[in-house]
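Sequences listed follow chains F and A, in order. The first sequence begins at 931 in my numbering and counts up by one. The second sequence begins at 19 in my numbering and counts up by one. Backbone N, C-alpha and C define an ideal beta-carbon position, used for all residues, glycine too. Every value quoted in this text rests on a predicted model; they were computed, and no experiment measured them. In what follows, a structure is listed as structure tokens, so that the remarks can point back to it.
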Amino acid sequence: MSRMTRRTRRFARAGSAPLSRGQAVLRGVVLGAGALVFLFPFYYMIIGSLQSSPDTSVSGAFPDPSNLTTSNYEAINSRIDLFQGLINSGIFTGGVVLCTVVFGVLAGYALAILRWRGRSATFALVLLVQVVPFQLLMIPLYVLIARNYGLSDNYLGMILPFAINSTAVIIFRQYFLQLPRELFEAARIDGAGEFMLLWRVALPLVRPAVVTALLLTFIGPWNEFLWPFLITKDASMQPLAVSLANYVTNVAASTANPYGAVLAGAVVLAAPVVILFIVFQRYFVSTDVGSAVKG
Amino acid sequence: MSGTTTRQEDRTARSSRRGPGPSGRRSLLSRLLGAQPIGWLFGAPYLVFAIIVFAYPLAFAIYMSFFDYFFSAPGVEVDKPFVGFDNYVAVVTDPAVLQSLGNVLVFLVINVPLTVVLSIVLASALNKVVHLRTFLRVSYYVPYVTASVALVGVWLFLFSGNGLVNNILGPLAPTPSWLVNPALAMPTIALFVTWKQLGFYILLYLAALQNVPKELYESASTDGAGVIRSFFSVTVPGVRQATVLVLMLSTIIGANLFTEPYLLTGGGGPNGASASPVLIMYQRGIQQGHPGFAAALGILLTIAVLIVALLQRRFAGGKEE
């Protein structure tokens, strides 16, 4: 388990005053109520996607065998091609993850290990890119990428603005900084080049950081709506988030069970990230994410 | 970037022409580019990326905001007259923009206190719990990692006129319902965003709690402070930095809302009561074809966000030293 949790446990044992039974119960109730509030909408998403007619009464929140169906999944699939949507989301996300892991690791290594003029200016730039939200640049980016470069309805145009995740660069840098410098000195004396050092020495030691950064990077483009929405008009090029949103705003009203179909699409969109997150949750550690945001 | 490389080659060529030998070349190179010039090579892809999708668009936005910019087919020359500060004047006097700024304020008033209170309470409870820790952690973060578009689908279902929420409330259900009620549309969006982002802030507060020295808790309990008392006099001041960060991130998120007002309230409705500045940028800039206006709005928002970020650095930094 992570450093974080070990530290937390020690802290919990040594630091706080022993709680009375009543306080422990109260804490359990608070945490349980929190979990319920966070998880219920997900449960309700699945239940709603399986109802043949929408049941919004309180008893409708429990599965009713006579009202269960998979027809909502067929209904949404006949209006938007779920498979093509997943493929497009996958290409968009995969492109961003690939660029981030290749070029982001290189940049993180250069910022942490190598001494070159302009390094601190480059790091300041990484922080600045991270602070200025993408949305504020959307108009010039739209004009440049869609109008001037003609990259609308194109995977490259989709990927370009997100290609290298700055948060991931910062995470890579922080992990490389923690590696002992003697390691690099010794390998350099042995005549290893910097690419070799990065590949053989540094990368194997920061594998957890790579997983954390990949997870964070994956979530961004998979869930992104605004940019692919601006740049894709061709339905066969749209990531799933965009085609589902267009379905919600335009065609949902003309379906027999609009909520059921929307929720079925939502389940398909949410499932890959949720599963990935549950599998890799131990890499989603507070220290990395927190410090990355604080810069 | 290409400029830098050519300059670098240029200098190397010149130095070799002067003929001080390989050692001289290296010293000039390292004087110019630092001890390990290969750093430039490693950093180059990121620098190119930052120039293409950050620096150049930023400069282009500034340029556009001073012109009556038109979209045109590639190669077609359209007159794009210089209009000075007209776009900026139009932005700050536009009632829809002012309304959207008011909406951001409503968003902040609901989102910030709710986020701070809930995430401090849940993070400090989570910090002490031993059983089910992983389950609780995962369940809190799941909304944060899930696409807004998918979650909006459930909220539409939950908060529709005869949805589950109104069925539970019974006679207390608001009319008109949540998302079509001008007074409740923005608060509902604020509630949605608070719920979706809370896991992330719990994560931040959990990290901040690790930095509160445990001696403080010990001396508080020696002084006879109970759990509640030490929560307010040790925990809350101890995580102040994280609280300032919540304020900054909430401001950025509020100014940049797009998916939620676009989908949840059908384009910032009713009557713009839940429109955000970015939604207006989209409507004016791309739907109605006034990118100059939208660019000016974007510049003003960027400046506002940077000011907030700098203030945050000030606050948080002062505490650290």
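query                                                                                                                                 : result
Residue of Y1213(F), V1198(F), Q1211(F) minimising C-alpha distance to G1020(F)                                                       : V1198(F)
Collapsed DSSP secondary structure at F85(A) in the structure displayed                                                               : strand
Members of the stretch 964-975 of chain F that neighbour chain A once the beta carbon cut-off is set at 8 angstroms                   : G964, A965, V967, F968, L969, P971, F972, Y974, M975
For S987(F), the first and last residue of its enclosing alpha helix (DSSP H)                                                         : That residue, S987(F), is in no alpha helix (DSSP H); it is neither H nor E in DSSP.
Nearest residue (CA-CA) to V1209(F), options I128(A), F153(A), T212(A), A260(A)                                                       : F153(A)
Cross-strand partners of L998(F) (DSSP beta bridge)                                                                                   : Q981(F)
Straight-line gap, L1012(F) to D1164(F) (C-alpha atoms, nearest Å)                                                                    : 15 angstroms
Whole-angstrom C-beta distance between P971(F) and L169(A), which should lie under 8 angstroms                                        : 7 angstroms
Bridge-paired residues (DSSP) for F100(A)                                                                                             : F85(A)
Per-residue DSSP class, three states only, for N199(A)                                                                                : coil
Buried/exposed call for F1148(F), threshold 16 Cβ in 10 Å                                                                             : buried
Spatial distance of L150(A) from S157(A) (CA atoms)                                                                                   : 11 angstroms
E339(A) to Q259(A) span [Cα, whole Å]                                                                                                 : Bear in mind that a pLDDT of 32 at E339(A), under 50, signals an unreliable position, so the model cannot answer this.
Beta-carbon gap between D985(F) and N1002(F) smaller than 9 angstroms                                                                 : no
Reduced DSSP secondary structure (H/G/I, E/B, other) of G39(A)                                                                        : In this predicted model, G39(A) has a pLDDT of only 43, less than 50, meaning its place in the structure is not dependable enough to derive any value.
8 angstroms Cβ shell around I304(A) - same chain, five flanking residues per side excluded                                            : A312
Same chain, Cβ closer than 6 angstroms to A191(A), neighbours up to 5 away in sequence not counted                                    : N184
Given W278(A) as reference, the closest of L1057(F), I1205(F), V1178(F) once Cα atoms are compared                                    : A small fix is needed here, since residue 278(A) is Glu in this sequence, not Trp. It is V1178(F).
Proximal chain F residues relative to I304(A), where beta-carbon distance stays under 7 angstroms                                     : Y1072, L1160
Contact under 9 angstroms by Cβ, G256(A) with L222(A)                                                                                 : no
4 or more residues per run - each alpha helix (DSSP H) lying fully within the stretch 1019-1063 of chain F                            : 1035-1042, 1049-1061
Start-to-end residues for the alpha helix (DSSP H) that takes in L59(A)                                                               : 56-68
Limits of the alpha helix (DSSP H) - the one that P113(A) falls within                                                                : 113-146
A165(A) at chain F interface by Cβ criterion, 9 angstroms                                                                             : yes
Sequence-distant residues of the same chain with beta carbon closer than 6 angstroms to Y106(A), five excluded per side               : A314
Backbone secondary structure at I1227(F) - three-state DSSP                                                                           : No statement about residue 1227(F) is possible, as the shown extent of chain F runs from 931 to 1225 and does not include it.
Cross-chain neighbours of S987(F) in chain A, by beta carbon under 7 angstroms                                                        : N185
Interfacial residues, the stretch 1035-1055 of chain F to chain A, with Cβ spacing under 8 angstroms                                  : L1036, A1037, Y1039, A1040, L1041, L1044, R1045, W1046, R1047, G1048, R1049, T1052, L1055
Given 8 angstroms, three or more beta-carbon pairs between the stretch 1132-1139 of chain F and the stretch 1099-1109 of chain F      : yes
Reduced DSSP category for P1081(F) - H, G, I as helix; E, B as strand; rest coil                                                      : For the record, residue 1081(F) in the displayed sequence is Leu; it is not Pro. In the structure shown, L1081(F) sits in coil (DSSP, three-state: anything other than H, G, I, E or B).
8 angstroms Cβ shell around Y974(F) - same chain, five flanking residues per side excluded                                            : A991
First and last residue of the uninterrupted alpha helix (DSSP H) at M1167(F)                                                          : Careful: M1167(F) lies outside any alpha helix (DSSP H) and carries neither H nor E.
Chain A contact residues for I1006(F), given Cβ-Cβ distances below 9 angstroms                                                        : Those within 9 angstroms of I1006(F) in chain A number zero; the least Cβ separation is about 11 angstroms.
Segment contact, 8 angstroms Cβ cut-off, at least three pairs: the stretch 1115-1130 of chain F with the stretch 1049-1066 of chain F : no
Beta carbon proximity, I1094(F) to chain A, threshold 9 angstroms                                                                     : yes
Assigned exposure category for L1174(F) - 16 Cβ within 10 Å defines buried                                                            : buried
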